[in-house]
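This report refers to the structure that appears directly beneath it.
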Amino acid sequence: MINSAGLLSRRKLDLGTLLSLSLLAILALALFIFFRQETQKADYKKYLSAANEQHVLVQQIDKYAVESGSGIESSFVKLREARNRMAELSGVLVNGDESLSLPPSPAKIQPKLKEMEQAWEAVNAHVNSILSSQSVIVRADRIVSDITEQLPAMHEAAEAAAKSMAETGKGMQVYYATRQLYLVQQIETNLHRVLEGGPTTVLALDHLSQITDEMAELEQGPLNIVGKTRFSDETVANLQEVAKQLDSISRYRDELLSMVVELLPAVNALGRVEQEADGELRQNDATAVMSVAVDNMAAIDTELVEFYRDNAGVIELAGVRIAPLIVWGLFIVAALLLLAVVYLFVSQRSNASRVVNENERNQAAIRKLLREISGLGDGDLSIEATVSDDITGAIADSINMAVESMREVVTSINRTSVNVSEAAKKSQYLTSELTGAARSQVRDVSAASKTSQKMLEALEEMAEKAKDLSQVTVHNYELAAQGGRAVNQNVEAMGDLREQIQGTSKRIKRLGESSQEIGSIIGLINGITDQTNILAMNASMQAANAGEAGRGFSLVADELQRLAERSGRATKQIESLISAIQADTSEAVSSMESSITTVLNGARQAEHAGDVLAKIETVSRKVTDSSKEMSTSAEMQSLKATGVRETLQAVREVTEKMANNIKLTNQGAVFLARNVLELRKSVAEFTLPEQDQVEQDKHKV
């Protein structure tokens, strides 16, 4: 009783200790996670600040790079500062900062930071190229600006000279003056393309060189004002102004050409950014070049900002994400465990006395039960234990049920022993009868086995002959099938040939139709040639009436007339060739139609032969199937005969075994009768209630 109470007390003590340890562990875990989250929040706040600053720097680099490409000197300083700060922030996010006690960014975001570094390396290379070429870009921009300032005056003078010469000059001089004005416009167009980078810069400088050289030739040639007094004073002044401006522009051009080796790498920087960022942008769009180059960095930086903002305060332990709410959940669990510990220790004291009283009552009930069942060990099955509400009530009920079952078993054994004894006597009589019948059956089975052996030999001979017939019919069927396949292949080949001839015929017909269309076009060309000839003659007459002014136009009209005559002769030759092609096409179409008819006849004959071979193949197949069925039937009959023979042999063996078993059964019946007597003696040692004992004596009688 005392031991039971102590055991229960120890169990409750162990449970209280376990709850206390769990409480301490949960509190420690909650405090650890809380401080870890606060530290992580501070780190992520620094990461987020750096990422936001990077986002601003990306836009500033875009702006300052474009402004630097335009030659703004202050933008170079700002671009350099933004580049250095960008590199510093990238290092902080990837590797952390010991001065700020900031660890590297989590491994989960490192691949995205790697992409950011790669994008920054691409842009940084072009930024470095721009910064290293600052002096060249500024000088080139200054030259372009100076030329741009001179162009309006040069354009105005060239335009005034062209108008004046159009009123007083002759045709070719007007043309050359107009050409000069056009070249001035081309200078402005190519000048704007000098700083675009890539092949555009090279082409622009080359065009500037060609334009200025051509204008110099015009000044030295057709527009030379020295010794030519037919120009008005105003025209001469304008031409002198153009020459003056051209001389200045030529010097600037020479300066640009001398620095082209240094200028090209600088202006190509933005061009390379464009090619790497977006192949669909135009290469001469410098503003779009840098904007597209930094779009990739801006997009990646946006993802970084979202990551640091969304994951602040979220940590991972053993691969499990722990949100801030989980910490408060752990504190709540710890409070509940504390309440459970207090309740356990309070209830332990109140239950101690109740446990002691229950143990005393249980001990008394157990002693009473042991006294009631003490005679069971001596074979007394007449006892009955008292069933009460104590702890031993269920045990007493179970013992009573077991004793009752034992009574029924002993009574059943007595009844069964009498029945078995009578059955053993009957079994001895029946086994003697079965032994004689089994011997007679063995003789009958031996005679039937000999008869089945003879029938089996006859069936095997018939099966061999059926196999030979089946092989012959299979060979005939295979020959007929091969002939049918050959005919089918010939029919398919003729069908393919017919389709090819029909396709060729259609193409030749389309060729004839195309030649007819060409003939119509040639007729139209002949009409155009005649009209051109008439117009050329009219132009010649008009040029002759114009005198000296129309001499140049007369030469053009004569040349047009000669070309019209040559075109007329050529179209006539083409027309004769088209007629010959149409005749050959008609003959080819007729030949193709005849070939199609021949192929169709051959195909029909081949199909007829295929039908005949198909009928032969069908007959051969039926003969083959019949032969196979006959062979199969013979083999099955042979197998059945073999099975009958084996069955008879098995029946004989079974009959012999049955005779032996009957003999053994007789011996077993004798042995069983002896054992029944021994069993009845053993059961007689048990004491039964009076009613059961009377029934047992009746069975003995």
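For the record, in the sequence shown the residue sitting at position 600 is 611 according to our numbering, with numbers rising by one throughout. All C-beta atoms in this analysis are idealised placements derived from N, C-alpha and C, irrespective of residue type, glycine included.
{"Asked": "For residue 66 and residue 263, the rounded distance between their alpha carbons", "Found": "41 Å"}
{"Asked": "Alpha carbon of residue 200 to alpha carbon of residue 99, nearest angstrom", "Found": "42 Å"}
{"Asked": "Endpoints, the alpha helix (DSSP H) within which residue 118 is located", "Found": "Premise fails: residue 118 is in no alpha helix (DSSP H) and is neither H nor E."}
{"Asked": "Same chain only: Cβ atoms within 6 Å of residue 89, ignoring 5 sequence neighbours per side", "Found": "75"}
{"Asked": "Beta-carbon separation (whole angstroms), residue 159 vs residue 202, contact threshold 8 Å", "Found": "6 Å"}
{"Asked": "Residue-level contact to chain D via CB, residue 197, 8 Å cutoff", "Found": "In the structure shown, chain D cannot be found, because there is only a single protein chain."}
{"Asked": "Residue 7 versus residue 97: straight-line alpha-carbon distance, rounded", "Found": "The chain is shown from 12 up to 712; residue 7 falls before or after that span and cannot be answered."}
{"Asked": "Rounded C-alpha distance that separates residue 165 from residue 148", "Found": "25 Å"}
{"Asked": "Nearest-angstrom beta carbon gap, residue 598 and residue 516 [assumed within contact, 8 Å]", "Found": "At roughly 12 Å, the Cβ-Cβ gap does not stay under 8 Å, so residue 516 and residue 598 are not in contact."}
{"Asked": "Neighbourhood of residue 521 by C-beta, 8 Å cutoff - its chain only, sequence neighbours within 5 removed", "Found": "none"}
{"Asked": "7 Å Cβ shell around residue 266 - same chain, five flanking residues per side excluded", "Found": "154"}
{"Asked": "Cα-Cα separation, residue 71 to residue 251", "Found": "48 Å"}
{"Asked": "Cβ pair residue 104, residue 62 closer than 8 Å", "Found": "yes"}
{"Asked": "Nearest candidate by alpha-carbon position, reference residue 223, set 194, 575, 175", "Found": "194"}
{"Asked": "Inside the stretch 157 to 202 only - alpha helix (DSSP H) runs reaching at least 4 residues", "Found": "182 to 202"}
{"Asked": "Nearest residue (CA-CA) to residue 4, options 120, 57, 110, 132", "Found": "Past the boundaries of the shown model lies residue 4; the chain is included only from 12 to 712, so the question cannot be answered."}
{"Asked": "Proximal residues to residue 541 (C-beta, below 6 Å), its chain only, five neighbours per side dropped", "Found": "none"}
{"Asked": "Extent of the continuous alpha helix (DSSP H) to which residue 85 belongs", "Found": "84 to 106"}
{"Asked": "Residue burial classification, residue 619 (beta-carbon count within 10 angstroms, cutoff 16)", "Found": "exposed"}
{"Asked": "Of the residues 533, 682, 196, 397, the one placed nearest residue 253, counting alpha carbons only", "Found": "196"}
{"Asked": "For residue 398, three-class secondary structure by DSSP", "Found": "coil"}
{"Asked": "Member of 141, 120, 102, 115 whose CA lies at the smallest distance from the CA of residue 77", "Found": "141"}
{"Asked": "Contact under 8 Å by Cβ, residue 95 with residue 175", "Found": "no"}
{"Asked": "Residue 243 in three-state terms, based on DSSP", "Found": "coil"}
{"Asked": "Straight-line Cα distance separating residue 536 from residue 186", "Found": "34 Å"}
{"Asked": "Environment of residue 191 [buried if 16+ CB atoms lie within 10 Å]", "Found": "buried"}
{"Asked": "Option nearest residue 60 by Cα separation, candidates 320, 152, 420, 172", "Found": "320"}
{"Asked": "Cutoff 7 Å; reference residue 530; Cβ partners in own chain excluding five residues on either side", "Found": "586, 589"}
{"Asked": "8 Å Cβ cutoff met for residue 511 and residue 607", "Found": "no"}
{"Asked": "CA nearest to the CA of residue 259, picked from 317, 162, 189, 170", "Found": "162"}
{"Asked": "Beta-carbon proximity check, residue 596 vs residue 545, cutoff 8 Å", "Found": "no"}
{"Asked": "Beta-carbon contacts of residue 228 that lie in its chain and below 6 Å, excluding the five residues immediately before and after", "Found": "none"}
{"Asked": "Pairwise C-alpha distance: residue 573 and residue 579", "Found": "10 Å"}
{"Asked": "Rounded distance between the beta-carbons of residue 422 and residue 407, thought under 8 Å", "Found": "The pair is not a contact, with the Cβ atoms about 23 Å apart (cut-off 8 Å)."}
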